[in-house]
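For reference, the structure is listed below as structure tokens.
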Amino acid sequence: MAISAPDAPSTALQVLLAAVADGLPHAWPADNPGGLQPALLAEAAEWGFPLYAQDGSVHLEYPAASLSAQEIATIGGIDPAHIHLPLCCASTNTEVLQDTSVDVCLTESQWAGRGRRGRQWSSPFGRHLYLSYGWTQYRPVNAALTIVAALSVFTLLQARLPDLWVKWPNDLWVGGRKLGGILVEARPRGHGETRLVVGLGLNIHDDPALPATAVSLADLDIRVTRNTLAGAVLRQWQEDFARFAAVGLTPFLPTWKEADRLTHQPVQISDAQGVRTAQVLGLGPDGRLQVSYTNTDTAWLNVGDVSLRPQHP
1 MAISAPDAPS
11 TALQVLLAAV
21 ADGLPHAWPA
31 DNPGGLQPAL
41 LAEAAEWGFP
51 LYAQDGSVHL
61 EYPAASLSAQ
71 EIATIGGIDP
81 AHIHLPLCCA
91 STNTEVLQDT
101 SVDVCLTESQ
111 WAGRGRRGRQ
121 WSSPFGRHLY
131 LSYGWTQYRP
141 VNAALTIVAA
151 LSVFTLLQAR
161 LPDLWVKWPN
171 DLWVGGRKLG
181 GILVEARPRG
191 HGETRLVVGL
201 GLNIHDDPAL
211 PATAVSLADL
221 DIRVTRNTLA
231 GAVLRQWQED
241 FARFAAVGLT
251 PFLPTWKEAD
261 RLTHQPVQIS
271 DAQGVRTAQV
281 LGLGPDGRLQ
291 VSYTNTDTAW
301 LNVGDVSLRP
311 QHP
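For the sequence shown, full-length UniProt numbering assigns the number 1 to the initial residue and increments by one for each residue that follows.
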């Protein structure tokens, strides 16, 4: 759901969450006067952290199986020492961008997650997959990486979700509802290096807070743990990103044809010039999208410059 400001939980609440992250009952911290306990529980409720007090102890209740670095690493072929699992954080992408010793970051909840074009999103605790994968490279960043990342997830799920498709360049939809999205970010580090991170947000478990325009795997009767899916995504990403770095987008174009539902369809395009109607003509080999406007002019859209919405999903 959208949030209005990139605020953060109080330090006291974050310390308490870290103490109870194992899911076991814990005594209240000795330096926490009784009067602060109701305030911390109330703050936790505002942020959506499932803390509760019982028999003089404080508990954290996970709505689904908690994240496991070892399980994710085994499935994904990743060194578990390079997987960072903060209970909560501002953004998993930010964690990977800032710490080059971290290749992978997942969290139960993030309070300043980002979408394309600067949108901010909150993330309910323990219900969905918030995954970031990063590395440092010397070559220029290819914007089509966003498309490849989305196609990797499409490849993993399409057999069980015949209505799954990819909305250019980064969103995963099932029919007319959004299942998840990809955000690629880059940060120069000097000496020609670039820190690159690919972030995935995917709706997994039952979540009454999801808007009608969104859908989760549980809504679609697909039951899978976040650990299993995260490991599978990481393995697929490693394979696909290596192939993309070696030969570009061309080998992925047949998969794009399977995932695409907007070619020859009308869409609304929002950019610096406002909102316009266009018809999608197709994807170019460089990842740009060709469209035709109502005045018959054609244009190539660059990843990151526009927002596109189908008129007839």
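Glycine included, each C-beta is placed from N, C-alpha and C at the ideal position. Note that this is a predicted model, so its numbers are computed, not measured.
Check                                                                                                                                                                                 : Outcome
Spatial neighbours of leucine 131 within its chain, please: CB distance less than 6 Å, with the 5 preceding and 5 following residues excluded, ordered by chain position.             : Leu106, Leu200 and Ala230
Alpha carbon to alpha carbon, how far is glycine 56 from tryptophan 28?                                                                                                               : 8 Å
Helix, strand or coil: how does DSSP classify aspartate 240 here?                                                                                                                     : helix
Are there three or more Cβ pairs, one per stretch, closer than 8 Å when the segment 191-200 is compared with the segment 130-150?                                                     : yes
How many angstroms separate the CA atom of glycine 274 from the CA atom of asparagine 170?                                                                                            : 21 Å
Please identify the residue among Leu87, Pro25, Pro38 and Glu239 whose C-alpha is closest to the C-alpha of glycine 76.                                                               : Glu239
Please state the DSSP three-state secondary structure of arginine 117.                                                                                                                : Only weak support is given to the placement of arginine 117: the predicted model assigns it a pLDDT of 42, under 50, and the value that follows is read from those uncertain coordinates. Residue state, collapsed to three classes: helix.
Give me the residue from Leu87, Gln70, Ser91 and Cys89 with the minimum Cα distance to alanine 81.                                                                                    : Gln70
Measure the beta-carbon distance from valine 166 to alanine 259 and round it to whole angstroms, keeping in mind my assumption that it falls under 8 Å.                               : 4 Å
Could you give the distance in angstroms between the alpha-carbon of valine 247 and the alpha-carbon of valine 153?                                                                   : 20 Å
Suppose you measure from the CA of leucine 281 to the CA of leucine 129; what does that come to, to the nearest Å?                                                                    : 33 Å
Rounded to whole angstroms, what is the Cα-Cα separation between glycine 48 and aspartate 207?                                                                                        : 12 Å
If contacts are defined as beta-carbon pairs under 8 Å, then arginine 177 and threonine 213 qualify, I think. What distance do you get, rounded to the angstrom?                      : 6 Å
Rounded C-beta distance between histidine 205 and proline 63? I'm assuming under 8 Å.                                                                                                 : 6 Å
By the three-class DSSP mapping on this structure, what secondary structure does threonine 277 have?                                                                                  : strand
Label glycine 304 either buried or exposed according to how many other C-beta atoms from any shown protein chain fall within 10 Å of its C-beta, with 16 as the threshold for buried. : exposed
Residues bridged to glutamate 193 by DSSP?                                                                                                                                            : Gly190
Alanine 150 and leucine 164 look like a contact to me (Cβ under 8 Å); what is the Cβ gap, rounded to whole Å?                                                                         : In fact, because the Cβ distance is near 11 Å, the residues do not count as touching under 8 Å.
Where does alanine 27 fall in DSSP's three states?                                                                                                                                    : strand
Hey, asparagine 142 and glycine 284: beta-carbon distance below 9 Å or not?                                                                                                           : no
Under 9 Å between the Cβ atoms of glutamate 185 and asparagine 302?                                                                                                                   : no
Between the beta-carbon of isoleucine 269 and the beta-carbon of serine 307, is there less than 9 Å?                                                                                  : yes
Going by beta carbon distance, what residues of the same chain come within less than 7 Å of leucine 220, once the five residues before and after it are set aside?                    : Leu161 and Val174
If you draw a straight line from the C-alpha of leucine 13 to the C-alpha of alanine 39, how long is it?                                                                              : 10 Å
For asparagine 21, which residues from the same chain have a beta carbon less than 6 Å from its beta carbon, with the 5 sequence-adjacent residues on both sides left out?            : In the sequence under discussion, the amino acid at residue 21 is alanine, which differs from the asparagine named in the question. Within the same chain, alanine 21 has close Cβ partners Leu87.
From alanine 218 to isoleucine 72, what distance separates their C-alpha atoms?                                                                                                       : 20 Å
Around the C-beta of glycine 118, are 16 or more other C-beta atoms found within 10 angstroms, so that it is buried, or is it exposed?                                                : Residue placement at glycine 118 is poorly supported in this model, since its pLDDT is 46, which falls under 50; the coordinates are not used for a value here.
Return the residue from the list His59, Arg127, Ala209 and Thr155 that minimises the CA-CA distance to leucine 234.                                                                   : Thr155
Over the uninterrupted alpha helix (DSSP H) stretch that includes threonine 225, give me the two end residues.                                                                        : Where threonine 225 is concerned, there is no enclosing alpha helix (DSSP H), given that its DSSP letter is neither H nor E.
Please state the DSSP three-state secondary structure of glutamine 311.                                                                                                               : coil
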